[in-house]
Each structure stands twice: as C-alpha cells, then as structure tokens.
Amino acid sequence: MTTREAALRNIGQLLKTEEDLDKINTLRTQLQTEKSAIDVKLKSLAQTQLDHLLRDMDHLSLCQEDVRSLRDNLSAVSSIATESFGSISRFELINNITHVHEIFDQSSRIAEDVGSFNARLQEVDRMIEEEQYESIGPDSEVPGLLPIHFKLNALRDFQDRILELAEKSSDDSKFTVKRLTSKTDGVIKKFDRMLGNIIEGIVESVKEENFSLVVRLAKVIEFEEKQDTMIEALKKVIEGKNKEKKGSVSLFEQIVNGTLQGRTKPRHYKHFFLEKITDSVREIFKNCWATFEDQGDIFAILNELSWVFHDLAAVQQVLTGLVPPKWDIFKVYYDIYYNELHTLIVRLIESEPETLIILDILDFDNQFQEIMRTDFNLKKADVKTVIGESEKEQLLTDYLNLIVMKMKEWVGNLESTEHEVFKTRIQAPDADSEGLLALEGTKIVFQMFTQQCETAAGSGQGKILAGVISEFGKLLIKRQQTWGELVKSEVQKWLVYNNIDSKKKKQETEEEEITPVPAGLIEYLTALANDQMRGADYTEAISNKYGGMVSKKYASMIHTDLESTIDGFANLAKQCCDGLIVIIFDDLKVVMDKIFTKDWTSANYSQQISDTLREYLGELKMSMNSYLFEILSEDIIEECILRYLNNLNNDVKFPKTTDKLLTCVKRDFEVFYKLFVQFINQNTIESKFKIVENFMDLSTEPDLDQILVHWQSTVANFPDIKPEFLSLVLKARRDIDSSDAKMIIPRAKEVQKKFIDENQYNLEPSFMGRFSLNSKIKKNYL
C-alpha cells in the first residue's frame, strides 16, 4: 500500500458519515498541530545525524593522514635497512656467525640446566615434603607454596623444551633426556596432591580467615591459566604460518632460536582447580548422606543442611574478593552445590518418604530459593527449585490435599506422647540454647505448622493457606485447653499427695491405694510456660509472614484466627505460673499459718519463708523466660503479702502493744524486701508493699476518725480492696471493741464508694481485690 493510499484510507476512517464533515476544521487543526510536532522532531533528528556524520568524516580524514604517514615511515625504514645491509661488508656472514653464537649460548645454558636439573628437582621435592603436603588443612600456612611452584614450573618448562628438542635428536639423546626427567613425575604428583588438598579446603580456609593461602593459591592457578593461554595461542600462530607459507614452522625452531622460553603444552591447572572443587563438594555430600544413612534416618539430613548456605555465604562474601573476578567463583560454587543438592533431594524422594517428610522437602526447597534471593541477592530468574519443576508440581498435587486431614492425626499423636512425658516426668525437661527449660512438643508442632504453611503458600492459593492456618489455629486452641486441664489435674494430684500425713502416705502407698506423684512438676510447669511464650512468638511470626503473602481478605482471616491462638498461649502460661505459685506456697503453708500467732513475735518465721522463696526464685530465674519470670516474681510478692495478711482470718489477736506489732511487721517485711529486691525492681516492690504501710496504720491508729483517713488512703492505693479487710484488722486489735468496729465499717464503705464514684474512669484492679474473708488465696485454682 502506498503512502497516498494509506492517507486516503485514514481519511476515510475519520469521515464515515455526513455529521463527520462538521469536524473537518477541527481535524485540520489537529493534523496541522501533529504535523508541526513531527516536523520539529524530524528536524532535530536530522541535525543530530548530520552532526554525527560530520564528526565521523573528520575522524576519517585524520585516519587517512595517519595511514599515509605510517606508509611513508615504513618505506623509510625499509630503505634504511636495505642501505645498511648493502653498506656492511659480508653482512650475511656476520648474521650467520651471530646466529651460531646465540645457538652456542643457548646450548651452554641448556648444558648448565641439565647439570643442575636433578639437584634442583631434589630441592623442590624437599620443600614439598617440608610442607607435609599429605596433611595440609584449611588452617595450614604453606609458606613455600609460591617458591615451590616457581621452581617446579621452571624445571617443567625446561623439561618440556628438552623433550621437544630430543624428538629431533638421536636415540641416545632421547634416552638421556628421559632418564634425566624420570623423577619429575613423582615430584609433580606430590605437588598436585599438595595443591589438591589446598583446593579441597579452600572454603574452610576462608572461614578460618587463612586468606594468604587462598590468595597464593589463586596466583598459582591464574599464572598457570595465563601460561596455558599463551602456549595455545603460540601454537595457533605457528599453525597459521604453516598454512600461509605451506612450509614448516615448529616449536623446535622457537626453542632453538630462544623465542620460546616457557612450556610447550598446556597443563590445565584451571581445569584441575575446578575438578578438585567439584570432587570435594561431592565428597562432602556423599559423607553427609552416609552419616545419616548409618544412623537409620536419611530424612533427618534436611535439618542439617545449613552448612550449604554457610559455605556459599563464605564464597560470595569473602572468596570472590580473593580470586580473579573473571573466574566468577560464586557461580562455580553455586552450580556445584545446586547440582549436588538436587541429586540429594531426588534420592530422598525416590526413598518414598511419608507425607511429613514430603512437607519437609518442599519447605527446604522454598527455603533454599528464598535464601538465594534475599541473602545472596540472586535474580529470581537465576533461582531454580532444587527439587525440579516437574517433581515439585507432582509433590504439591499429591500431598497438598492431605495436609488438613493429616493435621489432626499428627497433633493427636503428638499430644498423647507429650502428655505422657509430662505426667510420668521420668527425666528432666531439656534446656534450649539459652539454658531455659523447654518441651519438645511445641517445637515439633510449629515445625509441622510452618511446613504446612510453606506448602500451602507454595501452592499460590490464598484460600488454601488461610484454611490451613485457620484449622491449625483451632487445633492449637484445643491443644492449649487440654494442656490446661492436664496442668490443673497434675497440680491437684501433687497437692493431695503432698498434704497426706506422711505415716498414712507410706501405709496407703504400700497398699496401693495412693499412687505416688512423680517429682519434677515445677520443672515441667516451667518448661511448659516457656513453651507458651515461644508458641506466641511463633504464632505472631506466622501471622505476619503469611498474612503478607495473601490478599487483604485472607490476611484479615489469618490475623483474626491467630489472635485467639496467641491469647490462648498467654492464658496457659499464666495458668502454669499460677500452678507454680500454688506449689511454692503450699510448701510454705505450715510456716505461713504461724504469722500473728503467739510464737510469731519471738520467732523468725519470715526468714524461713524468705529462704524457701529465695531457693525457688533462684532456680526459676535461671530456667524461665525472663518476661514470664518478671510476671511470676510480681505474683509471688503479691501472694506472699496476701498469704501473710490472710492469717487475719484465723481469729488472731495482735500483741498488746502497738510497738511490738510494728516491730514484728517491719522485721518481716524488711526480710522480704531484701529477698525480692534481688529479683525485681525496687519501684515494683514498693508499690506492692504500700498495703503493708496501710495495714500498720490501720492496726495502730488509736483515733477512730483517723482510721477512716487511713482507710481512704488504703482505698486510693487499692480501690477494689474489700471492707472485710478492715473488719479483720479491727477484730484483731485489742484496743477496739466490737461496737466501735461495727460503727466504723459502714462509714468505711461510704468512704470507699465515694472514692470509686469520683474516680471510676481511672481505677485499675489491684491484687488486694483477691483478698477474701473465708477462702485461701489460690483455692479457686483447683
């Protein structure tokens, strides 16, 4: 189609109806505007092209001048040479004599080298032996590497040249040369063994910061690579000359003329370097597989492959800066490790793993790709699945539908096992890397959770991922509830058994009417509480991670479902701490019940209480999550105060003199303060101990109206404290009769109600709200 036809066709498209004729003026204006813009653009482009053309013509002119100048100079050189040769008498004879002299010198040098060859070879052999080449490790310094290579390379270069010369000599000469160089191969093998050992440990040398060895190794390989390139290039030049001249140009002539001073054939040490790297990595994977195969659990290898990433990190972060950039050494290692990982994963799949292991495999594959992208900054296009695309797709298809069905079975089986361990307590719980007690179950359950989430996320379906998380969240909540019931049951058993009369306990135990309670409940409660903190952290991490992978709709579902799970972890952790408090204070029950008794004033019961609490708190601080320990310590302070004051329920009477009462109470709480200040900050303790100050004021104030003032101060500190507390204090005082008490209590209630009404929006519950007239503090726990 011509330009004119195209234009007419476009006009036809614009003017299809009569109404379009009214648009002619508008179209004309539009087209003129577009034409003007195109003209300006064409003019600019034409001027640019013209400028480029003129500049190129200037360059061409300069080149022509340079070529003419070069031609003139070459003619002058040729003319001078011709005149020189003609002006020197018998030039050809002199030239031949010079050539003979050069050959004579070359022959003399060869003779000298032949004479010293064996001695020099023995020296190199000795130097290699001194480096203990058979046992070179990543931290070996190998100071003689470069001198050894330099000397051996010179000997090998000489050997190459005389062997080449011997090929055109007599049989006797050939024999002599072969006998001279017969021991070279043995030394070369030792050198190669030494070099191989260094190469095989190069990554570990980097980790050991043995950078000098790595740099010197790189210099050796780079030198060899360059020398191989040079001899290959020379051979191509010779081959080209032979083709052009149809004659014969050989290495022999180059050696005789002294042109060739190095090797006569490549030695391929760059290939040797890459081959040794491949062999060493393959050997590591082979040994790794064999180790787990011997242990009877090849699938456990998936959890022990972090060294792969550590090795690649060492290569990328350090090794790349120690070797020539053109080697692209990270890609070399990445390709090798990838191939070996792929082979390993395929072997695992061919071993017919169970569903859980398949999830581990998929999880490792996703982890590998994620680490390569994020930690190693590889482009997405360069990161491949180590499973293989087809194999991975098949795995996802076969196993993704089984995840939800299998979850209940897995968690159910795990729950049975971990509950049995908790109840029997045959051995102490394990400690994590920070020394905190932990149970294996929580770690396992979140490994399953994460693996299943990874698998679901890998499917690319937000609905599947949200569904898996929702179902698992429900299972976790149910798991928390069953754990709570078990904790309650085990603490109840412990209390019942611990409070049986020892004689009766022995008798009934022998009659098998009472089952002894295993020791270690405190340790297991601590471990379980720690696990809830881990579980909450894991759950929050899962919520954040996978919520960001899906649309807002599914992200909202994930966050909502997991918030309930996190609350459940917090509740169970608190229940474990409450169980610990019950056990601790049941241990102190006998001495605690003696507070305010007749012997209390002269005995030092507070010290006994303090010593016991110090032992418990000291052990818990070392084995419990720090956040939980802080909460538990505060609860123990509160419980100690409540248990202390709870003895007012026992119809006690204070000492006859207020000074005696104040002295004893101060004595006790000074002891308690010295204890608690070792574990918790001073401000927290003082805020809890305010009730003790209020108690002493209420217990010693003689003026009835001032007692109400002190009560108002008490209510300001503890707004939910019950008036029954004041009633018990007044009842224990010897100086206040029952009629005065009955008069004060109604007024005290009015004071408290007024304060609450005036400050209702700023009030928070206090631990004194748990003080009850007719019950033990933690009775409701059971």
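According to this note's numbering, the sequence shown is numbered sequentially starting from 416.
A virtual CB, placed ideally from N, CA and C, is assigned to each residue, including glycine.
Name the one or two DSSP bridge partners that residue i has.
{"i": "Ala-988", "result": "The partner list for Ala-988 (beta bridge, DSSP) is empty, contrary to what the question assumes."}
{"i": "Leu-737", "result": "BP columns for Leu-737 are empty, so no partner."}
{"i": "Leu-852", "result": "Ala-846"}
How close, in whole Å, do the beta carbons of residue i and residue j come, if the pair is a contact with beta carbons under 8 Å?
{"i": "Lys-1103", "j": "Ile-1159", "result": "At roughly 26 Å, the Cβ-Cβ gap does not stay under 8 Å, so Lys-1103 and Ile-1159 are not in contact."}
{"i": "Ile-764", "j": "Glu-806", "result": "6 Å"}
{"i": "Thr-1113", "j": "Asp-1155", "result": "The residue asked about is misnamed: residue 1113 is Leu in this sequence, not Thr. Contact flag wrong, Cβ pair sits at about 13 Å."}
{"i": "Leu-1077", "j": "Gly-994", "result": "Not a contact, Cβ separation roughly 36 Å."}
{"i": "Val-539", "j": "Leu-570", "result": "7 Å"}
{"i": "Leu-793", "j": "Tyr-752", "result": "Actually they do not touch by this definition, with Cβ atoms about 13 Å apart."}
{"i": "Ile-802", "j": "Ile-776", "result": "7 Å"}
{"i": "Leu-936", "j": "Trp-898", "result": "Actually they do not touch by this definition, with Cβ atoms about 14 Å apart."}
{"i": "Arg-678", "j": "Asp-572", "result": "5 Å"}
{"i": "Lys-605", "j": "Ile-543", "result": "5 Å"}
{"i": "Asp-780", "j": "Thr-800", "result": "5 Å"}
{"i": "Asn-1128", "j": "Asn-1109", "result": "Residue identity differs from the one stated: residue 1128 is Ser in this sequence, not Asn. At roughly 6 Å, the Cβ-Cβ gap stays under 8 Å, so Ser-1128 and Asn-1109 are in contact."}
Residue i to residue j, Cα distance in whole Å?
{"i": "Phe-1069", "j": "Arg-1148", "result": "6 Å"}
{"i": "Glu-1165", "j": "Ser-1041", "result": "42 Å"}
{"i": "Ile-692", "j": "Arg-535", "result": "31 Å"}
{"i": "Ser-1190", "j": "Asp-1066", "result": "Bear in mind that a pLDDT of 48 at Ser-1190, under 50, signals an unreliable position, so the number given afterwards is only what the model happens to contain. Between Ser-1190 and Asp-1066, the C-alpha separation is close to 14 Å."}
{"i": "Ala-951", "j": "Ala-985", "result": "7 Å"}
{"i": "Asn-568", "j": "Asn-625", "result": "25 Å"}
{"i": "Glu-824", "j": "Glu-833", "result": "14 Å"}
{"i": "Ile-509", "j": "Phe-565", "result": "Confidence at Ile-509 is low in this model, with a pLDDT of 46, below 50, so its placement is unreliable and no value can be given for it."}
{"i": "Met-1183", "j": "Lys-1137", "result": "8 Å"}
{"i": "Thr-954", "j": "Gln-842", "result": "28 Å"}
{"i": "Val-455", "j": "Glu-480", "result": "38 Å"}
{"i": "Met-1111", "j": "Ser-1017", "result": "19 Å"}
{"i": "Gln-445", "j": "Ser-451", "result": "10 Å"}
{"i": "Tyr-1196", "j": "Ala-846", "result": "In this prediction, Tyr-1196 has a pLDDT of 44, which is less than 50 and means its spatial position is unreliable; what the coordinates show is noted afterwards. One C-alpha to the other measures close to 28 Å."}
{"i": "Asn-945", "j": "Gly-963", "result": "28 Å"}
{"i": "Pro-933", "j": "Phe-837", "result": "10 Å"}
{"i": "Asp-790", "j": "Gln-732", "result": "11 Å"}
{"i": "Leu-1063", "j": "Gln-907", "result": "26 Å"}
{"i": "Tyr-1059", "j": "Arg-894", "result": "36 Å"}
{"i": "Glu-556", "j": "Ile-613", "result": "10 Å"}
{"i": "Thr-1027", "j": "Leu-1003", "result": "8 Å"}
{"i": "Glu-690", "j": "Gln-784", "result": "26 Å"}
{"i": "Phe-1000", "j": "Met-948", "result": "24 Å"}
{"i": "Asp-694", "j": "Glu-615", "result": "8 Å"}
{"i": "Met-609", "j": "His-683", "result": "16 Å"}
{"i": "Tyr-969", "j": "Asn-959", "result": "12 Å"}
{"i": "Gly-856", "j": "Leu-891", "result": "12 Å"}
{"i": "Leu-1032", "j": "Cys-991", "result": "15 Å"}
{"i": "Met-820", "j": "Leu-1141", "result": "59 Å"}
{"i": "Gly-850", "j": "Ser-904", "result": "28 Å"}
{"i": "Leu-737", "j": "Trp-722", "result": "21 Å"}
{"i": "Glu-900", "j": "Glu-835", "result": "14 Å"}
{"i": "Ile-603", "j": "Ser-531", "result": "18 Å"}
{"i": "Ala-705", "j": "Ala-715", "result": "12 Å"}
{"i": "Asp-554", "j": "Gln-896", "result": "55 Å"}
{"i": "Val-826", "j": "Val-1130", "result": "49 Å"}
{"i": "Met-366", "j": "Gln-862", "result": "Within the shown structure, residues of the chain are numbered from 416 to 1197, placing residue 366 beyond reach of any answer."}
{"i": "Gly-711", "j": "Ser-1048", "result": "46 Å"}
- Task: Starting from the N-terminal side, write out each stretch of the alpha helix (DSSP H) that is 4 residues or longer and does not extend beyond the segment 743 to 797.
- Result: 744 to 765, 770 to 789
- Message: Just to confirm the assignment: which complete alpha helix (DSSP H) runs, minimum length 4, are found wholly within the segment 1072 to 1135?
- Response: 1073 to 1091, 1097 to 1115, 1119 to 1132
- Item | Any beta strand (DSSP E) of 3 or more consecutive residues that is wholly inside the segment 596 to 627 | none
- Residue ranges of each alpha helix (DSSP H) run of no fewer than 4 residues wholly in the segment 965 to 1041, ordered along the chain? 967 to 1002, 1004 to 1007, 1020 to 1038
- Task: Report yes or no: do three or more beta-carbon pairs, one from the segment 1086 to 1100 and one from the segment 1168 to 1177, lie closer than 8 Å?
- Result: no
- Query: Contact between the segment 548 to 561 and the segment 631 to 650: three or more CB pairs below 8 Å?
  - Reply: yes
- Any 3 or more C-beta pairs closer than 8 Å across the segment 968 to 983 and the segment 878 to 892: yes
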